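Asker: Just dropping this structure here.
Residue numbers (our numbering): 1 to 102.
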């Protein structure tokens with residue numbers, strides 16, 4: 001299934017939980033490319049796919065913010081080795097501007 005990610009089970013990307021469930025955390029663009037077939041299959045199976053969840057759109061948004069301290073953060077839930085659900089997001093540092101309101 002995910003060759004490079006499977007080898008990373010010991011590094012913390014994989015977390016085994018009860019009832020034959022496994023959580024995989026994806027934190028790099030390379031790891032996203034490894035799960036691309038899973039991601040696309042899951043989206044294809046949706047009755048009403050959400051455009052913001054498209055893998056290519058997600059990657060283009062991340063790449064457009066290059067240099068802004070942003071990285072992917074995707075959580076994949078597997079049941080008995082098969083993808084069950086995915087949470088898609090990103091983590092970054094954003095500076096808030098403070099202004100005097102009155």
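All C-beta atoms in this analysis are idealised placements derived from N, C-alpha and C, irrespective of residue type, glycine included. Everything numeric in this text was worked out from a predicted model, so none of it was measured.
Exposed or buried, which one is residue 37 when buried takes at least 16 other CB atoms within 10 Å?
Answerer: Here residue 37 refers to the residue found at position 37 of the chain shown. Its Cβ having fewer than 16 others within 10 Å, residue 37 is exposed.
Asker: What is the C-beta distance between residue 22 and residue 78, in whole angstroms, given that I count them as a contact (C-beta under 8 Å)?
Answerer: Position 22 of the chain shown, counted from the first residue, corresponds to residue 22. Position 78 of the chain shown, counted from the first residue, corresponds to residue 78. Yes, residue 22 and residue 78 are in contact; Cβ-Cβ is about 4 Å, under 8 Å.
Asker: Name the two residues that bound the continuous alpha helix (DSSP H) containing residue 36.
Answerer: In the chain shown, counting from the first residue as 1, residue 36 sits at position 36. Run containing residue 36: 29-44, per the alpha helix (DSSP H) assignment.
Asker: Roughly how many whole angstroms lie between the Cα atoms of residue 95 and residue 68?
Answerer: Within the chain shown, numbered from 1, the residue matching residue 95 stands at position 95. Within the chain shown, numbered from 1, the residue matching residue 68 stands at position 68. Spanning the two alpha carbons is a distance of roughly 10 Å.
Asker: Could you have a look at residue 59 and say whether DSSP puts it in helix, strand or coil?
Answerer: Mapped onto the chain shown, residue 59 falls at position 59. Three-state result, residue 59: helix.
Asker: Count the other CB atoms within 10 Å of the CB of residue 26; is the residue buried (16 or more) or exposed (fewer)?
Answerer: On the chain shown, residue 26 is found 26 positions in, with the first residue counted as 1. So residue 26 ends up on the buried side.
Asker: According to DSSP, which residues form a beta bridge with residue 85?
Answerer: In the chain shown, counting from the first residue as 1, residue 85 sits at position 85. Per DSSP, 77.
Asker: According to the Cβ coordinates, are residue 53 and residue 65 closer than 9 Å?
Answerer: For the purposes of this step, residue 53 is taken as the residue at position 53 of the chain shown. For the purposes of this step, residue 65 is taken as the residue at position 65 of the chain shown. Not closer than 9 Å, so no.
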